[in-house]
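Note that the sequence shown covers residues -19 to -1, 1 to 289 in mature numbering (1 follows the signal peptide of the UniProt record, and there is no 0).
Positions of the beta carbon are idealized from the N, C-alpha and C atoms, including for glycine.
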Amino acid sequence: MRFLLLLPVLLLGAGCASNLSTLQTARPLAPGQVQVSLGAGAFLPVGNLLDVVDLGIDQGKQLKRDIEDGESVNLSEADQQRLLTAGTALAVAPPGIVNELMIRAGVAENLDLGLRYSGISLRLDAKYRFLHSGSPEGASEHTRRSFDMAIGLGGSRHIFKSPALDALKVVEIKDFSRYDVEVPLYISWDVGDIFKLYAAPKYIFSRTSLDQALINYAEQGKPVTGFDASLPARVNSHFAGSTLGLSLGYKYVHLYAELTGGYTFCEPQLFGAKRDLGGATFYPAVGLAFRNGASVERQPMRQGPAKR
């Protein structure tokens, strides 16, 4: 039932929600190799954050109807707190469908770089492989197996405000900005260039800066509320979780399917008290990657013993 109530926000925020996708394995691109991928996912917060957003959306719609009907609006302090909390939740973790475009390039042995565009955000990241073991050089491309681990570091900046923030109807958000720092650990097992299993435990720190007011005037200029509608200048949140996925393909084209799950921690100070906006968070995603023909890796960093 709560998911059905949130569905309009998911549709409204298409391409404008938080992106938790991985859509890559621990195996880096070879130097000079380039990969372009298209992906789509859905940011699905559950638990307390979803409850807060549901209440805020319902109340915002009712206030909007009252204003349009010319009825007297008396917003209590409790009502205001619910709207403020819901507005903060939508700013920190906007749910929705995300479309993404990512370009990756191998720049050195065991190191590649990526640039990802996700509707309202740009992300630059680097991935360095520190462990490789598998079949010896010369093994068949169809039967060659490898195990890899890599560490990553990424930074994102949200360059546009998400339309999902308008779902409360009477909340106006200005001067929105958000920065994310992501540290993933990539782990993958490859069977040739055909089948790959991968995991990516990750931690993401987010800082959201905004200037929000709960005063939105009707067409006649009547104020919605006379209460102080300010929000904290900055809100920090933390995500800890992991991606599990698989990839199928060969040489130039690969299909990815994955599920990211974890927990979002966020407790901003509102009205002199902490408000828990955290909860379990899920992010299913799929992607299609195209790469050039430089698919043969050069000398790996660390080669495991040959199998007999």
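Quiz prompt | Residue from S223, R272, G226 and I168 with nearest C-alpha to V234 | solution = R272
Quiz item: Can you name the start and end residues of the beta strand (DSSP E) that D257 belongs to?
Solution: First-last for D257: undefined, no H or E at that position.
Exercise. Indicate whether the contact test is met: 3 or more Cβ pairs, each with one atom in the stretch 105 to 117 and one in the stretch 16 to 29, closer than 8 angstroms.
Key: no
Self-check item: Reduced DSSP secondary structure (H/G/I, E/B, other) of L1
Solution: coil
Practice problem: For the beta strand (DSSP E) containing L134, list its first residue and its last residue. | Solution: R126 to H139
Quiz item: Secondary structure at V73, three-state DSSP: helix, strand or coil?
Solution: helix
Practice problem: Assign L1 to one of two classes, buried (16 or more other C-beta atoms within 10 Å of its C-beta) or exposed (fewer than that). | Solution: buried
Practice problem: Name, in chain order, the residues that DSSP records as bridge partners for T241. | Solution: T224 and Y264
Quiz item: With a cut-off of 8 angstroms, do at least 3 Cβ pairs link the stretch 229 to 244 to the stretch 258 to 272?
Solution: yes
Quiz item: Is it right to say Q250 is buried, meaning 16 or more other beta carbons lie within 10 angstroms of its own, or is it exposed?
Solution: exposed
Quiz item: Which class does I175 belong to by DSSP, given the choice of helix, strand or coil?
Solution: coil
Self-check item: Buried/exposed call for R215, threshold 16 Cβ in 10 Å
Solution: exposed
Practice problem: Please confirm whether T241 and V73 have their CB atoms less than 8 angstroms apart. | Solution: no
Quiz item: Where S137 and K177 are concerned, what is the direct C-alpha to C-alpha distance, given to the nearest angstrom?
Solution: 27 angstroms
Quiz item: Roughly how many angstroms lie between the CA atoms of A21 and P76, to the nearest whole one?
Solution: 13 angstroms
Quiz prompt | R215 (DSSP reduced to helix, strand or coil) | solution = strand
Quiz item: When burial is assigned at 16 or more other CB atoms within 10 Å of the CB, is Y167 buried or exposed?
Solution: buried
Quiz item: Just the Cα atoms here: how many angstroms apart are S158 and S102?
Solution: 10 angstroms
Exercise. Within the same chain, show all residues whose beta-carbon is closer than 7 angstroms to that of N91, passing over the 5 residues directly before and after it, in chain order.
Key: P9, Y109, R110 and M282
Exercise. Go through its chain and collect everything with a Cβ distance to A238's Cβ below 7 angstroms, but skip five positions before and after it.
Key: G226, L227 and V267
Self-check item: Check whether T245 and F220 have beta carbons under 8 angstroms apart
Solution: yes
Quiz prompt | Sequence-distant residues of the same chain with beta carbon closer than 6 angstroms to P165, five excluded per side | solution = G133, A181 and K183
Practice problem: Report the rounded CA-to-CA distance for P286 versus Q5, giving the unit in angstroms. | Solution: A caution first: P286 carries a pLDDT of 47, below 50, which makes its placement in the model too unreliable to give a value.
Quiz prompt | Endpoints, beta strand (DSSP E) assigned at V15 | solution = V15 to P26
Quiz item: Should V79 go down as buried or exposed, given a rule of 16 or more other Cβ atoms within 10 Å for buried?
Solution: buried
Practice problem: Could you give the DSSP three-state label for S169: helix, strand or coil? | Solution: strand
Practice problem: Apply the 10 Å Cβ neighbour rule to L229 and answer buried if 16 or more other Cβ atoms are within range, or exposed otherwise. | Solution: exposed
Practice problem: May I have the straight-line CA-CA distance separating L94 from E248, to the nearest angstrom? | Solution: 33 angstroms
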